[in-house]
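Visitor: Converting from the sequence shown to our numbering requires adding 15 to each position, the first position being numbered 1.
Each residue gets a CB set at the ideal place from its N, CA and C atoms; glycine is no exception.
Mind having a look at this structure? Questions to follow.
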Amino acid sequence: MTLQYLHGIETIELDSPSGPVETVKSNVIGLVGTAPDADPDLFPLNTPVPVFADALKAGQLKSSGTLLDAVDAVYSQKSAVVVVVRVSEGESQEETWSNAVGSPSGKTGVWSLLKSRPMLKVIPKLLVAPGLTSGRPTNGVKNLVITDDGQDYVLASTTVSIAAPPAGGRQAKAVPQVVGGKLTGLIITDPGFGYVAPPAVTIGGAGTGATATATLGHVANPVGVSLASIVDRLRAVAFLDGPGTTYEDAIEYRNDYGSQRISIVDPGVLSWNTENSVYVTKPASAYAAGIQARVDEEKGFWYSFSNELIQNIGGPARPVDFMPNDRDCEANILNMNQITTIIHDDGFRFWGLRNTGTDALWAQLSVRRTADMIYESLERAERPRLDKPFSYALLDGITEDVNAYLRLLKSRGALIGGECWIDKNVNTPATFSAGELTVDFDLEPPACLEHLQFRARRNPKYYNDFIEEFSRQLA
């Protein structure tokens, strides 16, 4: 029985089957930096601006600040899609950091990159802020020590207030831990920076008597921490510049992070300065992003930027000891600590492909990126099926889309394998009636060959052939 009476003939146009899943663009570079002399109409502050591969437009950033050098570093590897966010250059390093950190609610600083999709219809996937991520403040709140745990505190109402630093710095923040009415811990959620003396710590709430003191020291780079806060939302990766000073400093810097989408690069590079005709030290992160963008285009997003030649540099900013079979060389120790470095081996190359995460299954940056690209591509491809009524065609269409895409990626080498299915134990009448569908799939991105081992042994039996051949020659 039809829903509406008709004595006659009609034609109903059904929804066309979904087209093949298209992979999202993986090599869009999001670049945050300063350019105080740039045209504010062309490059407004805290606004994602598409530069793409337009060298003339990029030149309007002017030479002062960090942005033009970074764009040049990217273009020296190959033209790429670049989105820049210009932030104000402060009177001090701390002020510039604060401007680059910006505000999550106001979408300023690095958070401006989140506006790229609605404004520009592109999503930055390779994030860098050269010149802004290498330093570690020495004047942040490094530790909070409870001197009296007090009594009668309730976790829900207990507050921690850390006094603000002088103008230009950023106020530290912490949250309390309360057990049995006593203050048992203080967790620093933002160490701040710019303090000239240990700040006062005030414990508020229903209880009484709790006190704590703060100590200052080296803390995480605020811009790097902010980039680490948005990479998950964008399914992007960020290349952060290490301190570029010593091996020990690089290790200490790396310990500030624990994200699968963060890659630490140390040291910087030597770049020729045409004004003074001398090599100068430049951040390496933009070169890494440029190479990864090139590799994505030429080979695929499942390839790593490691072991790729770096174009247009004179070498690393400091020499890094490297031998491919030496576990104790500096390059290997840096890699072991999840730091990518620069080696000299038939040219200068990035060396190291691990992120700063702790899960061994996702240790390689390329594996993390491969899964991210697949997840986002599938989500975007299946969006038109939302708000459609349940039917066998709907379920079959979704599973076939996913399986066809996984088969395509496997044929191209982007996957070892993958399969999609709908689990009847998870999807029940209750979930269907609520408009919910759960689709399962597995996948295995290809890990990059990181350790090649040859096993060699002597075999004196080969002398038998040698002696027989020699005897034949004498005969």
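Could you check the C-alpha separation between residue 38 and residue 383 for me, to the nearest Å?
Guide: Their backbone Cα atoms lie some 15 Å apart in a straight line.
Visitor: Quick one: what's got a C-beta closer than 6 Å to residue 242's C-beta in the same chain, skipping five residues either side?
Guide: Excluding positions up to five away in sequence, the list reads 125, 142 and 253.
Visitor: Assess, as a yes-or-no matter, whether the stretch 197-212 is touched by the stretch 224-242 under the definition of 3 or more beta carbon pairs within less than 8 Å.
Guide: Taking 8 Å as the limit for Cβ pairs, the verdict is that the stretch 197-212 does touch the stretch 224-242.
Visitor: Could you tell me which residues DSSP puts in a beta bridge with residue 366?
Guide: Answer is 356, bridged to residue 366.
Visitor: Could you name the residues that DSSP lists as bridge partners for residue 166?
Guide: For residue 166, which the question treats as bridged, DSSP gives the partners 223.
Visitor: Alpha carbon to alpha carbon, what distance is there between residue 144 and residue 48?
Guide: Between residue 48 and residue 144, the C-alpha separation is close to 6 Å.
Visitor: In the DSSP output, what is residue 176 paired with across the bridge?
Guide: 217.
Visitor: Between the stretch 406-415 and the stretch 426-440, can you find at least three pairs of beta-carbon atoms closer than 8 Å?
Guide: They touch, by the three-pair rule.
Visitor: Please classify residue 46: does DSSP put it in a helix, a strand, or coil?
Guide: Correct three-state label for residue 46: strand.
Visitor: Can you look up residue 260 in the DSSP assignment and give me helix, strand or coil?
Guide: Correct three-state label for residue 260: coil.
Visitor: Can you tell me where the beta strand (DSSP E) with residue 65 in it begins and where it stops?
Guide: Here the beta strand (DSSP E) through residue 65 covers 63-65.
Visitor: Report the partner residues of residue 191 according to the DSSP bridge assignment.
Guide: DSSP output for residue 191 lists 201 as bridge partner(s).
Visitor: Quick check: the stretch 371-379 against the stretch 300-316, are there 3 or more CB pairs under 8 Å?
Guide: Taking 8 Å as the limit for Cβ pairs, the verdict is that the stretch 300-316 does not touch the stretch 371-379.
Visitor: Starting from residue 287 and walking both ways along the beta strand (DSSP E), at which residues does that stretch end?
Guide: Segment 284-288, the beta strand (DSSP E) holding residue 287.
Visitor: In its own chain, which residues sit with a C-beta less than 6 Å from the C-beta of residue 235, not counting the 5 before and 5 after it?
Guide: Closer than 6 Å at the Cβ level, and outside the excluded window around residue 235, lie 271.
Visitor: Enumerate in chain order the residues of its own chain whose CB-to-CB distance from residue 164 is below 7 Å, with the five nearest sequence positions on each side excluded.
Guide: Cβ within range, chain order: 197, 198, 199 and 225.
Visitor: Measuring CB to CB, does residue 357 end up less than 8 Å from residue 325?
Guide: Yes, the pair counts as a contact, with Cβ atoms nearer than the cut-off.
Visitor: According to DSSP, simplified to helix, strand and coil, what is residue 385?
Guide: Residue state, collapsed to three classes: helix.
Visitor: Measure the alpha-carbon distance for residue 289 versus residue 78 and round it to whole angstroms.
Guide: Distance between the alpha carbons of residue 289 and residue 78: 12 Å.
Visitor: Could you tell me if residue 193 is buried or exposed, where buried requires 16 or more neighbouring beta carbons within 10 angstroms of its beta carbon?
Guide: Label assigned to residue 193: buried.
Visitor: Is it the case that the Cβ atoms of residue 440 and residue 453 are separated by a distance below 8 Å?
Guide: No; because the gap between Cβ atoms is not below 8 Å, this pair is not in contact.
Visitor: For residue 262 versus residue 284, is the C-beta spacing smaller than 8 Å?
Guide: Cβ atoms of residue 262 and residue 284: not closer than 8 Å.
Visitor: Looking at residue 279 and residue 355, is the spacing between their C-beta atoms short of 8 Å?
Guide: Yes, Cβ-Cβ distance for residue 355 and residue 279 is below 8 Å.
Visitor: Under 8 Å by Cβ, that's how I've got residue 287 and residue 220 pegged, so tell me the actual separation to the nearest angstrom.
Guide: With 8 Å as the limit, residue 287 and residue 220 do not qualify as a contact, their Cβ atoms being about 59 Å apart.
Visitor: Which same chain residues, not among the five before or five after residue 91, have their C-beta less than 6 Å away from its C-beta?
Guide: Around residue 91: 326 and 327.
Visitor: Return the first residue and the last residue of the alpha helix (DSSP H) that residue 112 is part of.
Guide: Where residue 112 is concerned, the enclosing alpha helix (DSSP H) stretches over 108-116.
Visitor: If we call anything under 8 Å between Cβ atoms a contact, is residue 428 one with residue 460?
Guide: No, Cβ-Cβ distance for residue 428 and residue 460 is not below 8 Å.
Visitor: Measuring alpha carbon to alpha carbon, tell me which of 349, 255, 267 and 420 ends up nearest residue 299.
Guide: Nearest C-alpha to residue 299: 255.
Visitor: Quick check: what's the CA-CA separation for residue 54 versus residue 101?
Guide: If I take the Cα positions, the gap works out to 11 Å.
Visitor: Buried or exposed: where does residue 297 fall if 16 or more other Cβ atoms within 10 Å of its Cβ makes it buried?
Guide: By the 10 Å Cβ count, residue 297 comes out buried.
Visitor: Since residue 362 and residue 349 should fall inside the 8 Å C-beta cutoff, what is the C-beta to C-beta distance between them, to a whole number of angstroms?
Guide: Not confirmed; about 19 Å, so no contact.
Visitor: Going by beta-carbon coordinates alone, are residue 250 and residue 397 separated by less than 8 Å?
Guide: Cβ distance not < 8 Å, so residue 250 and residue 397 don't count as in contact.
Visitor: Is residue 379 helix, strand or coil when you go by DSSP?
Guide: Looking at residue 379 - three-state DSSP - the assignment turns out to be strand.
Visitor: Residues in its own chain within less than 6 Å of residue 61 by CB, not counting five upstream and five downstream?
Guide: Around residue 61: 123 and 127.
Visitor: In this structure, what does DSSP give as the bridge partners for residue 297?
Guide: DSSP output for residue 297 lists 284 as bridge partner(s).
Visitor: Give the straight-line distance between the Cα atoms of residue 404 and residue 410, rounded to the nearest whole angstrom.
Guide: Taking the straight line joining both Cα atoms gives about 10 Å.
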